[in-house]
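**Student:** According to my numbering, the sequence shown is numbered sequentially starting from 19.
Built from N, CA and C at the ideal position, the CB exists for glycine as well.
Here the structure is a predicted model, which is why all the values come from computation and not from measurement.
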Amino acid sequence: MTYNDDNIFAQILNKKLSTKIILENEHAIAFNDIAPQAPIHILIIPKGKYIKYDDFINKASKDEIYYLFILINQLVKNYDLEHTGYRLTTNAGKNANQEVPHLHFHLLAGQNLGKM
Ligand code: AMP
19 MTYNDDNIFA QILNKKLSTK IILENEHAIA FNDIAPQAPI HILIIPKGKY IKYDDFINKA
79 SKDEIYYLFI LINQLVKNYD LEHTGYRLTT NAGKNANQEV PHLHFHLLAG QNLGKM
């Protein structure tokens, strides 16, 4: 599968589609999910063109990997989630019903999220 340059998150990265960026670093950005499933529902994506987790972890540089996860950790700190808890998930491919073919992590918090 090749990366589709027209996917929605690519458009956000290209600034073709406007979104309020919550937090950004050299290699990743975070913004609110358009259809939140919890009081806090943030998407974290790499700036590089990676379709899903395995694509990312197999091809990305150590810096890209580090900066993506450090951005998530920064959000956990900023929203004071260490104590209240949170859920971090990523949907990869067909069986997970991944909608947008650009790697993204969902950070959900702000209430009891129930069992998965
Ligand atoms: P997934 O099913 O894991 O691929 O999730 C894709 C997510 O992207 C869904 O939770 C959508 O609500 C979210 N989404 C789609 N378009 C946008 C957008 N323009 N801005 C923010 N979130 C979006």
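#1: Determine which residues share a DSSP beta bridge with alanine 102 and list them.
#2: Take leucine 9 and list the residues in its own chain whose beta-carbon comes closer than 7 Å to its own, dropping the five residues that flank it on each side.
#3: Got a sec? Which residues, its chain only, sit under 7 Å from glycine 111 by beta carbon, not counting five neighbours each side?
#4: Could you pull the DSSP bridge partners for proline 54 from this structure?
#5: With hydrogens ignored, establish whether the beta-carbon of isoleucine 52 is closer than 8 Å to any heavy atom of ligand 1.
#6: Who pairs with histidine 120 in a beta bridge, going by DSSP?
#7: Please classify tyrosine 68 as buried or exposed, where buried requires at least 16 other C-beta atoms within 10 Å of its C-beta.
#8: Looking at C-beta atoms only, is the number of pairs between the stretch 83-100 and the stretch 25-32 that lie closer than 8 Å three or more?
#9: What does the Cβ neighbour count give for proline 119, buried or exposed, with the cut at 16 atoms within 10 Å?
#10: Compare the C-alpha of aspartate 81 against each of Ser36, Lys65, Asn32, Ala53 and name the closest.
#11: For isoleucine 52, count neighbouring Cβ atoms within 10 angstroms of its own Cβ and tell me buried if that reaches 16, exposed if not.
#12: Assign isoleucine 60 to one of two classes, buried (16 or more other C-beta atoms within 10 Å of its C-beta) or exposed (fewer than that).
**Tutor:** Let me lay it out:
#1: Strictly speaking, residue 102 in this sequence is threonine, with alanine absent from that position. Paired residues: none, contrary to the question.
#2: Residue 9 cannot be examined here, being either before or after the span of the chain that is shown, 19 to 134.
#3: Lys70
#4: Bridge partners of proline 54: none, in fact.
#5: yes
#6: DSSP, once it has assigned bridges, lists no residue as partnering histidine 120.
#7: buried
#8: no
#9: buried
#10: For the residues Ser36, Lys65, Asn32, Ala53, the minimum Cα distance to aspartate 81 belongs to Lys65.
#11: exposed
#12: buried
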